[in-house]
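All remarks here apply to the structure that follows.
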Amino acid sequence: MEVITGAMSTLLPKLGDLLKEKYKLQKGVRGEVMFLKAELESMEAALYKLSGAPIDQPPDIQVKLWAREVKELSYDIEDRVDTYMVRIDRAPKELHGLRGFIDRCLDLLTKAKVRHKLGTDIKDLRSSIEEVSKRRDRYKVDQFARRHASMTVDNLRLSALYKKATELIGTEKKSSELIEWLMEGDEASKKHLRIVSIAGVGGLGKTTLAKVVYDKLKGQFDCGAFVSVSHSPNIERIFISMLHQLGGRNIEATWSQQQLIDELRKLLQDKRYFIVIDDVWETCVWETIQYALIDNECGSKVISTTRNLDIAETIGVVYKLQPLSRSDSRKLFCLRIFGTEETCIPNELAEVSENILKKCSGVPLAIITIASMLANGKENTRKSWSKVSHILGSGLEDSPDVIKDMRRILSISYYDLPPHLKTCMLYLSSYPEDSGIWTKELILKWVGEGLILKDQRKSFYEMGEHYVAELINRSMIEPFHVYHDRDKKAYFRLHDMVLDLITHLSTEDGFLTTLDGQRPIHLPKKIRRLSIKSSNGQYVKQLPTVGLDHVRSLSVSEEAFYSLPDLLTFPVLRLLDLIGCKQVDNHYFSIICNLFHLRYLRLSYTSITEIPKEIRNLQYLEVLDVSETEVQKLPSTFVQLRQLLYLHVSRTRIPDGFGKLKHLQVLDGTIIVESPTMMHDLAELTEMTRMGLQFHEWNESYENPFIQCLGSLVKLEYLKLIGCNGDFGSQCDKVTPGPQLLQNINMKSSTICAVPRWMSSLCALTILHISLLTLGEEDLYVLGSIRSLSHLQLSVEESTQGCNKKIVINNAYSFLCLTKFEICKTIGVVFAQGAMPKLQTLVLVFGVLETLDKFGDFDFGLENLSSLMHVDAWMGCSKAKSEKLKAAEDSIRTALDMNPNKPTLNCHETNWLKVHIQYEGCQSNIKKILSNVDGVSKRSIIYPKQGKVTISVDDVDPTTTIEMLNKAGMLAQLLSYTYLGGEEDPTRCSIM
Numbered sequence: 001m002e003v004i005t006g007a008m009s010t011l012l013p014k015l016g017d018l019l020k021e022k023y024k025l026q027k028g029v030r031g032e033v034m035f036l037k038a039e040l041e042s043m044e045a046a047l048y049k050l051s052g053a054p055i056d057q058p059p060d061i062q063v064k065l066w067a068r069e070v071k072e073l074s075y076d077i078e079d080r081v082d083t084y085m086v087r088i089d090r091a092p093k094e095l096h097g098l099r100g101f102i103d104r105c106l107d108l109l110t111k112a113k114v115r116h117k118l119g120t121d122i123k124d125l126r127s128s129i130e131e132v133s134k135r136r137d138r139y140k141v142d143q144f145a146r147r148h149a150s151m152t153v154d155n156l157r158l159s160a161l162y163k164k165a166t167e168l169i170g171t172e173k174k175s176s177e178l179i180e181w182l183m184e185g186d187e188a189s190k191k192h193l194r195i196v197s198i199a200g201v202g203g204l205g206k207t208t209l210a211k212v213v214y215d216k217l218k219g220q221f222d223c224g225a226f227v228s229v230s231h232s233p234n235i236e237r238i239f240i241s242m243l244h245q246l247g248g249r250n251i252e253a254t255w256s257q258q259q260l261i262d263e264l265r266k267l268l269q270d271k272r273y274f275i276v277i278d279d280v281w282e283t284c285v286w287e288t289i290q291y292a293l294i295d296n297e298c299g300s301k302v303i304s305t306t307r308n309l310d311i312a313e314t315i316g317v318v319y320k321l322q323p324l325s326r327s328d329s330r331k332l333f334c335l336r337i338f339g340t341e342e343t344c345i346p347n348e349l350a351e352v353s354e355n356i357l358k359k360c361s362g363v364p365l366a367i368i369t370i371a372s373m374l375a376n377g378k379e380n381t382r383k384s385w386s387k388v389s390h391i392l393g394s395g396l397e398d399s400p401d402v403i404k405d406m407r408r409i410l411s412i413s414y415y416d417l418p419p420h421l422k423t424c425m426l427y428l429s430s431y432p433e434d435s436g437i438w439t440k441e442l443i444l445k446w447v448g449e450g451l452i453l454k455d456q457r458k459s460f461y462e463m464g465e466h467y468v469a470e471l472i473n474r475s476m477i478e479p480f481h482v483y484h485d486r487d488k489k490a491y492f493r494l495h496d497m498v499l500d501l502i503t504h505l506s507t508e509d510g511f512l513t514t515l516d517g518q519r520p521i522h523l524p525k526k527i528r529r530l531s532i533k534s535s536n537g538q539y540v541k542q543l544p545t546v547g548l549d550h551v552r553s554l555s556v557s558e559e560a561f562y563s564l565p566d567l568l569t570f571p572v573l574r575l576l577d578l579i580g581c582k583q584v585d586n587h588y589f590s591i592i593c594n595l596f597h598l599r600y601l602r603l604s605y606t607s608i609t610e611i612p613k614e615i616r617n618l619q620y621l622e623v624l625d626v627s628e629t630e631v632q633k634l635p636s637t638f639v640q641l642r643q644l645l646y647l648h649v650s651r652t653r654i655p656d657g658f659g660k661l662k663h664l665q666v667l668d669g670t671i672i673v674e675s676p677t678m679m680h681d682l683a684e685l686t687e688m689t690r691m692g693l694q695f696h697e698w699n700e701s702y703e704n705p706f707i708q709c710l711g712s713l714v715k716l717e718y719l720k721l722i723g724c725n726g727d728f729g730s731q732c733d734k735v736t737p738g739p740q741l742l743q744n745i746n747m748k749s750s751t752i753c754a755v756p757r758w759m760s761s762l763c764a765l766t767i768l769h770i771s772l773l774t775l776g777e778e779d780l781y782v783l784g785s786i787r788s789l790s791h792l793q794l795s796v797e798e799s800t801q802g803c804n805k806k807i808v809i810n811n812a813y814s815f816l817c818l819t820k821f822e823i824c825k826t827i828g829v830v831f832a833q834g835a836m837p838k839l840q841t842l843v844l845v846f847g848v849l850e851t852l853d854k855f856g857d858f859d860f861g862l863e864n865l866s867s868l869m870h871v872d873a874w875m876g877c878s879k880a881k882s883e884k885l886k887a888a889e890d891s892i893r894t895a896l897d898m899n900p901n902k903p904t905l906n907c908h909e910t911n912w913l914k915v916h917i918q919y920e921g922c923q924s925n926i927k928k929i930l931s932n933v934d935g936v937s938k939r940s941i942i943y944p945k946q947g948k949v950t951i952s953v954d955d956v957d958p959t960t961t962i963e964m965l966n967k968a969g970m971l972a973q974l975l976s977y978t979y980l981g982g983e984e985d986p987t988r989c990s991i992m
């Protein structure tokens, strides 16, 4: 059943807040609020019970209507409560003297009227709740219990158990792998019980694969059993079924669980058995079944299947089932439609069939379901197949029965989610088909919608990451787009059939209204969330005539911006996303500041150049993104945004009192530090987990304030520093109490004399990007002593050993955890025996001619790295002849051939340059010029100090770059340049 709990998760805590002394409610009103809270808590419990019902067995229509009424009531109550809180909490104007006294008096009078209005509203709401409660009793809602999955689901499971051998496409290789996993090990280990758990999304073929392996192996065992647990298991029946299949006799139907377990253990005591436990949904169920699976050292085997990766890991060794390849998908598709897997699809159907298979994503159940529908069609035409392709992922109510059956299978996983994850999952219906979803963006929107539960022990982002991880483990979403060593969950995607399900549920519930000019929709009476992606379509034109006073979330594309109604017609808007809408300027931003309920505001890539002072009106704002705009400073009133959790800017200056933003946890982008006293303000941000600082002109006066600030930021996890130079951090050995959670320091855009000794006191530091003027033994000792360091990117101008001597890295420098080392620029290094004992990946960036001139060879001692698995060599090749490039590659390859691990090698020839230029003119004007010059990456522009700039360009000759810049109106001269890696090189030192 498509029951969503509405605004309950955010409304109930707010009702609790209303009872606090801060809001000074009259005694009678407090009693009414307590009544509302108690009634809504009871209704919430009933909604949770309803939300567990499968989609294919809906409750009585009256019960369904009651649930929707409660949900709508919760939204309406929250809107009224928020309106009251906004008026009471609104920050007063900072005026003094007689004018200030008058304004304060008027403010008190206004608040008195607001409190009186709340009392009247509460009485009206009580009447509405009492009526809904009576209806609840009238239709016996609490007696509605979760039902078992329908016969449709059971039939599909049975079909997986009894497929014809000719239909088992793609299982041969997988079954062989699984058998190898079951049977592997030496003679001693083979005697012990071996358990392997098959994990994967619903419909992927877990049951089918388990049955194939069971049929192949059961003859090698004394006895065997294949039992299905399902979503609502009867443990006694499962045990009885196992006993019957294993050869048990005289089994009593009245036996308790303990008696059944005892009988199973007795029966299996001296037998070599093979059992499949299919479709496990809960760890506690598996733990109960496991009591009967005795390890009798007879070499018994057990296979389990589950959709939940966490449960699979609890059970045993995990075999993560992969989707069918495109080739096998096509074979299965043809077999079901044409009766043979070798059939060639007609040319006119080839393209649309590929679109269908792409949407099925290699999931056998999806392929069979869709192919069955096509096979039963009256004709195989492009028009009929295109219609099916369009329906997939649309969530349309009038979809064919076979697609509804597919939804039933997937709905079981959806309804197994906790209530808060159900709502988070529905939110994904706003993303287009086949899109990679950025985890960070989604978490911030969940925050703005109030969908992330607060936890004092975790930041909002940690909670959001936990939600995403749980959805991945439950096979509802899958990781997508992994770049280098970045978090594998940075992006994820939805299977198209899962998108179809949640789009259907979202539409049914009125959770989200999407206007894209393509799919037909039914505009609900009350629009709660609105996404306008196109200015076309009749529904977009109807918007001005539709009531928008209940919309709490609004996303608009640049194309659709001109069709957007007046913003003030959205009085309770909490989330506003106008990314990329160039029409948004400073005047429009001022209008936005009248949306007092806003929690989330994204204006990146718009035309704004400054933030208005009226920003103080947004007292509830938690997320603000003004990155990639011309905003260069924050107004003085910005410090009144006391609820702000996340701020994303490009490069900006902050006002005095910035430390008042006590809740701020993430500051993406960089803030410009213009004086040491600013560090005292930043030290007040004790909840901060990410922060970027750019020092206007670093000198020793910053040293102590910076260290003291760093010592106060005890929750800091990521720190980016730009513009540091000289003896940065040299006066301190350790930071106390210190950011002991600090995992990543990025100093690529600073060049300092030595590695700060205090870095070795950071017990969690795992990633360090640092640029040094010189590198000596002391630096290597400090770097090697950072206990948890696993990824080091080092850029050095020259060695302290002398320009023509190499630096020898040996086992005197610990580097106990280092697995990836990237060394950039032109210094010579050689690894001695025993150096960096756990190093697996090495990235070398060097100029070919420069290395030959200074050191005479390309000997890096790579044969001495005992754990090395892979080398990336980025060779600056400007003016280098082909034989010298080949000599460099051959030298590296010869050394790797001498390494016992036989590491792999990727060589890249590159002309990327890091160019240091002196210029005349205003910095903002120079930035505009650089951004419009071909070959200059906008991200790579760095201004270390006034009158100088560092850029990265793809150019063989730096003088050409200078000419190019001067033609564009920049009076520039070359100071110096160095070679870097290629365009895809993650080690470009100049990228901010």
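Numbering of the sequence shown is given in UniProt numbering, commencing with residue 1 and proceeding in unit increments.
Beta carbons: idealized from backbone N, C-alpha and C, even for Gly.
Quick caveat: nothing in here was measured; it's all calculated off a predicted structure.
1) Determine, for His504, whether the minimum Cβ-Cβ distance to residues of chain C falls below 8 Å.
2) In three-state terms, what does DSSP make of Ala812?
3) With three or more beta-carbon pairs closer than 8 Å as the criterion, would you say the segment 227–235 touches the segment 347–354?
4) Round the Cβ separation of Leu862 and Asn899 to the nearest angstrom and send it over; I've been treating them as touching at under 8 Å.
5) Between the C-alpha atoms of Ala145 and Met43, what's the straight-line distance to the nearest angstrom?
6) Please name the residue, chosen from Leu246, Leu624, Ile129, that lies closest to Phe221 on a Cα-to-Cα basis.
7) Mapping the DSSP letters down to three states, classify Lys359 as helix, strand or coil.
8) Is it true that the CB of Trp874 sits closer than 8 Å to the CB of Val845?
9) From the DSSP output, which residues share a beta bridge with Tyr273?
10) May I have the straight-line CA-CA distance separating Ile345 from Cys334, to the nearest angstrom?
11) Enumerate, from N- to C-terminal direction, the unbroken beta strand (DSSP E) stretches of 3 or more residues contained entirely within the segment 681–752.
12) Hey, could you find the ends of the beta strand (DSSP E) Lys320 is sitting in?
13) List, from N- to C-terminal side, the beta strand (DSSP E) runs of 3 residues or more that fit wholly inside the segment 496–531.
14) Give me the Cα-Cα distance between Ser891 and Ser435, rounded to the nearest whole angstrom.
15) Could you tell me the distance, in whole angstroms, from the CA atom of Ile251 to the CA atom of Leu268?
16) If you draw a straight line from the alpha carbon of Arg893 to that of Trp181, how long is it in whole angstroms?
17) For His244, which residues does DSSP report across the bridge?
18) Between Thr609 and Val631, how many whole angstroms is the CB-CB distance? I'm expecting something under 8 Å.
19) Could you tell me whether the Cβ atoms of His696 and Glu674 are closer together than 8 Å?
20) With a Cβ-Cβ cutoff of 8 Å, do Thr207 and Asp278 count as a contact?
21) So the candidates are Met34, Ile745, Arg529; which of them puts its Cα closest to the Cα of Asp509?
22) Which residues mark the beginning and the end of the beta strand (DSSP E) in which Phe492 is found?
23) Mind checking Glu822: buried by the 16 CB within 10 Å criterion, or exposed?
24) Would you check if the distance between the CB atom of Leu65 and the CB atom of Ser128 is smaller than 8 Å?
25) Since Gly299 and Leu324 are thought to touch, with beta carbons under 8 Å apart, how far apart are those beta carbons, to the nearest angstrom?
26) Note down the Cα distance separating Val871 from Thr841, rounded to an integer number of angstroms.
27) Nearest-angstrom Cα distance between Thr10 and Tyr600?
28) Return yes when the Cβ of Leu685 is within less than 8 Å of the Cβ of Pro655, no when it is not.
29) Would you list, in sequence order, the uninterrupted alpha helix (DSSP H) runs of no fewer than 4 residues that lie entirely inside the segment 763–794?
30) Excluding the 5 residues flanking Pro544 on each side, which residues of the same chain have their C-beta closer than 7 Å to its C-beta?
31) Can you say whether Asp17 is buried or exposed, counting buried as having 16 or more other CB atoms within 10 angstroms of its CB?
32) Where does Pro364 land, buried or exposed, given buried means 16+ other C-beta within 10 angstroms?
33) Rounded to the nearest angstrom, how far is the Cβ of Pro214 from that of Val276, given a contact under 8 Å?
34) If I measure Cβ to Cβ from Leu713 and keep anything under 6 Å in the same chain, skipping five residues before and after, which residues do I get?
35) By DSSP's criteria, Pro479 is part of a beta bridge. Which residues make up the other side?
36) Of all the options His466, Lys123, Leu554, which has the alpha carbon lying nearest to the alpha carbon of His420?
So, from the data block:
1) Absence of chain C from the displayed structure is noted, only one protein chain being present.
2) coil
3) no
4) 6 Å
5) With a pLDDT of 43 at Ala145, under the threshold of 50, the modelled position of this residue cannot be trusted; read the value that follows with caution. One C-alpha to the other measures close to 15 Å.
6) Leu246
7) In the three-state scheme derived from DSSP, where H, G and I count as helix and E and B as strand, Lys359 is classed as helix.
8) Yes, Cβ-Cβ distance for Val845 and Trp874 is below 8 Å.
9) Cys223
10) 8 Å
11) 690–695, 718–722, 744–752
12) 317–320
13) 513–515
14) 44 Å
15) 15 Å
16) 35 Å
17) His244 pairs with nothing; no bridge assigned.
18) 6 Å
19) yes
20) yes
21) Of all alpha-carbon atoms in Met34, Ile745, Arg529, the one lying nearest the alpha-carbon of Asp509 is that of Arg529.
22) 491–493
23) buried
24) no
25) About 32 Å; that fails the 8 Å criterion.
26) 6 Å
27) When rounded, the distance between both Cα atoms is 15 Å.
28) The Cβ-Cβ distance between Pro655 and Leu685 does not fall below 8 Å.
29) 777–784
30) Pro565
31) exposed
32) buried
33) First, the residue type needs correcting, since residue 214 is Tyr and not Pro in the sequence shown. About 5 Å separates the two Cβ atoms, so the contact holds.
34) Met688, Pro739
35) Phe492
36) His466
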